[in-house]
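Only one structure is covered here, and it is reproduced in the block below.
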Amino acid sequence: MKTVLISGLGLIGSSIARIIKDGDPTVEIIGSDPDDDSAQFLLDHHIINKRADFTEAAPKADLIILAGPVSVILSQIDQLAQLKLKDQVLVSDVGSTKQAIMAQAEALTRKGVSFLGGHPMAGSHLTGGQNGSIDLFSGAKYFLVTGSQTDQQLRDFKQFLQAANVEWTTITAETHDKLVSELSHLPHVVAATLVNNVVDSLAADPIGLTAAAGGFKSTTRIAASDPKMWTAIMMSNSKAISSELAEFQAKLAKMQQAIEQQDETAILAAFAKAQRIRRSLDKVMSKVP
Numbered sequence: 001m002k003t004v005l006i007s008g009l010g011l012i013g014s015s016i017a018r019i020i021k022d023g024d025p026t027v028e029i030i031g032s033d034p035d036d037d038s039a040q041f042l043l044d045h046h047i048i049n050k051r052a053d054f055t056e057a058a059p060k061a062d063l064i065i066l067a068g069p070v071s072v073i074l075s076q077i078d079q080l081a082q083l084k085l086k087d088q089v090l091v092s093d094v095g096s097t098k099q100a101i102m103a104q105a106e107a108l109t110r111k112g113v114s115f116l117g118g119h120p121m122a123g124s125h126l127t128g129g130q131n132g133s134i135d136l137f138s139g140a141k142y143f144l145v146t147g148s149q150t151d152q153q154l155r156d157f158k159q160f161l162q163a164a165n166v167e168w169t170t171i172t173a174e175t176h177d178k179l180v181s182e183l184s185h186l187p188h189v190v191a192a193t194l195v196n197n198v199v200d201s202l203a204a205d206p207i208g209l210t211a212a213a214g215g216f217k218s219t220t221r222i223a224a225s226d227p228k229m230w231t232a233i234m235m236s237n238s239k240a241i242s243s244e245l246a247e248f249q250a251k252l253a254k255m256q257q258a259i260e261q262q263d264e265t266a267i268l269a270a271f272a273k274a275q276r277i278r279r280s281l282d283k284v285m286s287k288v289p
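The numbering used here numbers the first residue of the sequence shown as 1 and each following residue consecutively.
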């Protein structure tokens, strides 16, 4: 694998480019992205070697990484299925949902093209190639949904991203989508809804959000993430997210009832449970190198 095409040069795609370059500076990285600023920044800093149109660059690549929104990934898989690609090419993705992508990738598998589903469990509220980092994935799980790739291609892929310092975790597409709906997608819906609710409630207040303190900012930080990306995620994992939202609303209703009834015991128990679990998470994260 000497030529890599990365489609989508935002936070994740540009971080992968940095990681690959750090591992092997001789690899030629072709970037494809409609954002001129991100692409030019990566070119100027020698993180990618050239920029090219997706369908023009794909036939030249040994490894193709699809790092755009899920809706774009699905469309690009269809495009790849119409192209003449290298015999031993490996196509992978970093999409936040996997069932729809793996189903779409069957079009490639039928043509003998190897596909490996992937999703690094890391990110930031910051966006764009300028904010990518070689350390973005450090210590995080990198989920792999094995498809039609060979054992050698899998080893080569992991070697390419060795500098990422991730914990490789093989998972089924179904398990992945349920897990991320709980740990990632639901929190984003809650954060975005909380921001919008507070803004609407304070619309007539002259102080408004200027009084927001650390708690509100920390809780809603992820709401600053790319809205197009998150809309695509909601559309592609709607069933699992809807199920989690229903369960969350039921628990929120119970908390509301406890507050209305001034049930001090129930309120304290809920806060104590959350504190205990959150502190245990901090301990786990403190051990990550």
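Where is the CB? At the ideal position from N, CA and C, for every residue including glycine.
These numbers come from a predicted model, not from an experiment.
A Cβ-Cβ contact shorter than 8 Å links residue 7 with residue 67.
When C-beta atoms of the segment 227-237 are compared with those of the segment 173-192, three or more pairs fall below 8 Å, so the two segments count as touching. Between residue 181 and residue 247, the C-beta gap is not smaller than 8 Å, which leaves the two residues out of contact.
Contact between residue 173 and residue 98 is confirmed by a C-beta separation of about 4 Å, below the 8 Å threshold. C-alpha of residue 114 to C-alpha of residue 77: approximately 12 Å in a straight line. With a cut-off of 8 Å on Cβ pairs, the segment 102-112 is not in contact with the segment 127-135, counting fewer than three such pairs.
In the DSSP annotation of this structure, residue 93 is not part of any alpha helix (DSSP H); the continuous beta strand (DSSP E) holding it starts and ends at 90-93. Taken atom to atom, the span from the alpha-carbon of residue 12 to that of residue 178 is near 22 Å.
Closest by C-alpha distance to residue 25, out of 40, 3, 37, is 3. Boundaries around residue 4 are those of the beta strand (DSSP E), 3-7, since no alpha helix (DSSP H) includes it. When DSSP states are grouped into helix, strand and coil, residue 117 belongs to the strand group. For the pair residue 64 and residue 163, the CB atoms are not nearer than the 8 Å cut-off. Within the segment 34-68, the runs of beta strand (DSSP E) at least 3 residues long that lie entirely inside it are, in chain order, 63-66. Leaving aside the five residues that flank residue 49 on each side, the residues in its chain whose CB is nearer than 6 Å to its CB run, in chain order, 28, 29.
The criterion of a C-beta distance shorter than 8 Å is not satisfied by residue 93 and residue 1.
Rounded to the nearest whole angstrom, the CA to CA distance from residue 207 to residue 199 is 11 Å. A residue is called buried when at least 16 other Cβ atoms come within 10 angstroms of its Cβ; residue 259 does not meet this threshold and is exposed.
In this structure, the beta-carbon distance from residue 5 to residue 32 falls below 8 Å. Counting the other Cβ atoms within 10 Å of the Cβ of residue 116 gives 16 or more, which makes it buried. Listed in chain order, the alpha helix (DSSP H) elements of length 4 or more contained wholly in the segment 109-196 are 151-160, 173-180. In the DSSP assignment, residue 29 falls within the beta strand (DSSP E) that extends over 28-32. C-alpha of residue 263 to C-alpha of residue 220: approximately 27 Å in a straight line.
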